[in-house]
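Its first residue numbered 829, the sequence shown is counted upward by one per residue in our numbering.
Below you'll find the structure, written out as structure tokens, and then a few comments.
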Amino acid sequence: MCDTLCATFLPTKEDYLDFCRARFFRSAGSMPRVLQNIGLYFLNRSAAAEFDAHPPLACTVSFSEAGVRLETQRYRGRLPWGKLCGCVLTETTLLLYLSATETRFVPARVFQKEQWQKILHFYKQQKAAA
């Protein structure tokens with residue numbers, strides 16, 4: 829029997845900013861702190877404006893041993909864990925790297941801590957087997 833964790837959420841502006849910040853800090857690496865602060869200032873402004881201009885749609889996400897399923901009104905995708913380019917859980921956001929150029933996110937508020945541990949276990953188990 830396959831355990832599935834499923835949730836539907838509507839990203840808030842704060843969720844979207846957390847996603848943008850998490851993605852920024854993952855790519856900033858060893859960038860000097862002063863440049864990170866400048867980048868973060870402009871990122872917050874542009875991300876907030878982008879959210880206001882194009883609010884995200886409600887998303888349904890499912891995690892199982894088989895992989896990840898994401899659905900919105902305009903997008904439907906299913907990806908086995910082994911095909912995911914990366915999966916990173918921060919304090920506020922789960923980053924799902926679907927490809928080198930496409931990242932989706934799930935706010936940490938959507939699942940409880942134990943459920944996130946199970947999701948990360950699915951990912952690590954399947955990546956180890958691949």
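Using N, Cα and C, we set each Cβ at its ideal position, and we do this for glycine too.
This structure is a prediction, so every number in the text was calculated from the model and none was measured.
Residue(s) in a DSSP beta bridge with residue i
i	result
GLY905	LEU898
THR888	THR836, GLU899
PRO935	THR921
Euclidean distance between Cα positions of residue i and residue j
i	j	result
ARG861	LEU871	15 Å
TYR869	ALA876	11 Å
LEU833	ARG873	34 Å
VAL889	THR836	6 Å
GLY857	TYR903	31 Å
LYS955	PRO839	28 Å
SER892	VAL938	16 Å
SER927	LEU907	11 Å
SER855	ARG932	15 Å
LEU935	ASN865	According to the sequence provided, residue 935 is Pro. The question's Leu does not apply to it. About 23 Å.
LEU923	LEU863	23 Å
Reduced DSSP secondary structure (H/G/I, E/B, other) of residue i
i	result
CYS848	helix
GLY914	strand
ASP843	helix
ALA881	helix
SER927	coil
GLN940	coil
LEU857	Contrary to the premise, residue 857 reads as Gly rather than Leu in this sequence. Correct three-state label for GLY857: coil.
Test: residue i CB closer than 7 Å to a CB of chain B
i	result
ARG873	Absence of chain B from the displayed structure is noted, only one protein chain being present.
Top-ranked residue by Cα proximity to residue i, from the options
i	options	result
TYR844	ALA886, GLN864, SER855, MET859	ALA886
TYR925	GLU919, GLY905, LYS941, ILE866	GLY905
GLN940	THR920, LYS952, ALA850, VAL916	THR920
GLU930	GLU842, CYS848, ALA936, ASP831	CYS848
ASP831	GLU878, GLN943, LYS952	GLN943
PRO883	LYS952, GLU842, LEU917	GLU842
Segment contact flag, the segment 909-920 with the segment 893-900, C-beta cutoff 8 Å, min 3 pairs: Yes, they touch.
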